[in-house]
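Please read the structure below before turning to the comments.
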Amino acid sequence: MRCPYCFRDEDRVVDSRTVDDGDAVRRRRECLACGRRFTTFEKVAEDTKIVVLKRRGARESFDREKVAQGMRAALKNRPFSDSEIDALAADVEEEIRSFKEEVTSQEIGQIVLRRLFEVDEVGYMRFASVYKGFERLQDFTEEASFVSPAVLEKREDDRDVGE
1 MRCPYCFRDE DRVVDSRTVD DGDAVRRRRE CLACGRRFTT FEKVAEDTKI VVLKRRGARE
61 SFDREKVAQG MRAALKNRPF SDSEIDALAA DVEEEIRSFK EEVTSQEIGQ IVLRRLFEVD
121 EVGYMRFASV YKGFERLQDF TEEASFVSPA VLEKREDDRD VGE
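For the sequence shown, the UniProt record's numbering assigns the number 1 to the initial residue and increments by one for each residue that follows.
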């Protein structure tokens, strides 16, 4: 790595650690020529990025922060920290990355819905109302009638495991 101070190509790595939930490596380096230290970051190359196919046909790079923002809105005033929400968004990205390089925005929405359903039914309903475009009270009641039996079943299963 070229030193940003003397522009020589001789350095040694002093410290190395993962950052961004393991998506990048931070390295502290020391230039062997001038002795100054500097920091570098390594990330996966752009060509391994996930491409999102939007509803109207446009393509864009997957942005985990967009997923996290949507989840933050759905989980606002719920008992979740920013780091927990970031971890949920990372789980969504990991699931997508495990099977595809191109994904539709609808598939992302379905994965987010499933993850929210697993952790918080209120957050699920909030996200579903935007994602599915609820326009009437009946839309909420229909979704709630679908969610309620599944939540009760999940709670019974959790209780059985704990006994």
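Each residue gets a CB set at the ideal place from its N, CA and C atoms; glycine is no exception. Bear in mind the structure is a predicted one, so any value in this text is a computation, not a measurement.
Mapping DSSP to helix, strand and coil, what is residue i?
i, result
"residue 55", "coil"
"residue 12", "strand"
"residue 84", "helix"
"residue 142", "helix"
"residue 135", "coil"
"residue 101", "coil"
Quick test of your reading: residue i and residue j, contact by CB under 8 Å. State the CB separation rounded to the nearest angstrom.
i, j, result
"residue 102", "residue 53", "6 Å"
"residue 72", "residue 85", "5 Å"
"residue 26", "residue 5", "About 19 Å separates the two Cβ atoms, so there is no contact after all."
"residue 74", "residue 127", "4 Å"
Quick one: residues in its chain with C-beta nearer than 6 Å to the C-beta of residue i, no 5 flanking neighbours on either side, listed in chain order?
i, result
"residue 161", "For residue 161, the predicted structure reports a pLDDT of 48, less than 50, and the residue's modelled location is therefore unreliable. A value from the coordinates is still provided. So no residue of the chain qualifies."
"residue 8", "33"
Suppose the cutoff is 7 Å on Cβ atoms and the five residues either side in sequence are ignored; what does the same chain contact list for residue i look like?
i, result
"residue 1", "11, 29 and 40"
"residue 135", "none"
"residue 78", "120, 122 and 123"
I want to see whether chain B comes within less than 8 Å of residue i, judged by CB atoms only; does it?
i, result
"residue 137", "Included in the structure is just one protein chain, with no chain B present."
In the DSSP assignment, what are the bridge partners of residue i?
i, result
"residue 26", "17 and 41"
"residue 31", "11"
"residue 61", "51"
If we ignore side chains and look at the alpha-carbon of each, how far apart do residue i and residue j end up?
i, j, result
"residue 82", "residue 20", "14 Å"
"residue 17", "residue 146", "45 Å"
"residue 93", "residue 110", "13 Å"
"residue 88", "residue 115", "7 Å"
"residue 50", "residue 129", "26 Å"
"residue 69", "residue 38", "32 Å"
"residue 144", "residue 108", "21 Å"
"residue 148", "residue 76", "21 Å"
"residue 112", "residue 91", "9 Å"
"residue 99", "residue 142", "32 Å"
"residue 59", "residue 80", "31 Å"
For residue i, which residues from the same chain have a beta carbon less than 8 Å from its beta carbon, with the 5 sequence-adjacent residues on both sides left out?
i, result
"residue 105", "52, 53, 54 and 55"
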